[in-house]
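Asks: Residue numbering for the sequence shown is 1 to 127, as defined by the UniProt record's numbering.
C-beta atoms are modelled at their ideal positions from N, C-alpha and C, and glycine is treated no differently.
Sending over a structure as structure tokens; questions will come in a sec.
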Amino acid sequence: MDIEAFFEGMPFADLLGVEVTEAADGHAEGHIAMREELSWNQDRMMAHGGVTFTLADTVGGAALVSLVDQPVPTIDMRIDYLEAGTGDLYAEADVVREGGDVGVVDVAVTAEDGTSVADVRGVYKTG
């Protein structure tokens, strides 16, 4: 499976501008450039929680796809928001468990300056 093509062809992620920059061996990285349309605040550029969630979900899925070589629908995702996401956001994901039916991935979302924005655990269907 061409992981880059798969995620570039995902309409919602494309609409938001999510870019998966690396996906191999159970690890993935990606980012999203912050822009006014993604902010929840009119006075200050702060990423809406859904933007942070979508970045984490997409990059988390890419990490698992790099191992199972097939699409992996999200079963469940827990996100702990730690700080407001200002500026571009970056996500780094690592597979914790690759099972026959379910895979688990941890994702860290950070801001440009390295500030932790969110800690995420995603559960995806693998079989």
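According to DSSP, what are the bridge partners of residue 66?
Replies: Per DSSP, none; premise fails for residue 66.
Asks: In the DSSP assignment, find the unbroken beta strand (DSSP E) run with residue 111 in it and report its ends.
Replies: 102-111
Asks: Note down, one range per segment and in chain order, each alpha helix (DSSP H) of at least 4 residues found wholly within the region 14-45.
Replies: none
Asks: State whether the region 89-96 contacts the region 53-66, with contact taken as three or more CB pairs (one from each stretch) at a distance under 8 Å.
Replies: yes
Asks: Within 10 Å of its beta-carbon, does residue 21 have 16 or more other beta-carbons around it, so buried, or fewer, so exposed?
Replies: exposed
Asks: Provide the residue span of the beta strand (DSSP E) that contains residue 47, from first to last.
Replies: Run containing residue 47: none; DSSP gives neither H nor E here.
Asks: So is residue 1 buried or exposed if we call it buried at 16+ other beta carbons inside 10 Å?
Replies: Residue 1 is exposed by the Cβ-count criterion.
Asks: Residue 118 and residue 75 look like a contact to me (Cβ under 8 Å); what is the Cβ gap, rounded to whole Å?
Replies: Not confirmed; about 19 Å, so no contact.
Asks: Rounded to whole angstroms, what's the CA-CA distance from residue 31 to residue 123? Just pull it up for me.
Replies: 20 Å
Asks: Which same chain residues end up closer than 6 Å to residue 33 when comparing Cβ atoms and leaving out the 5 residues on each side of it in sequence?
Replies: 17, 88
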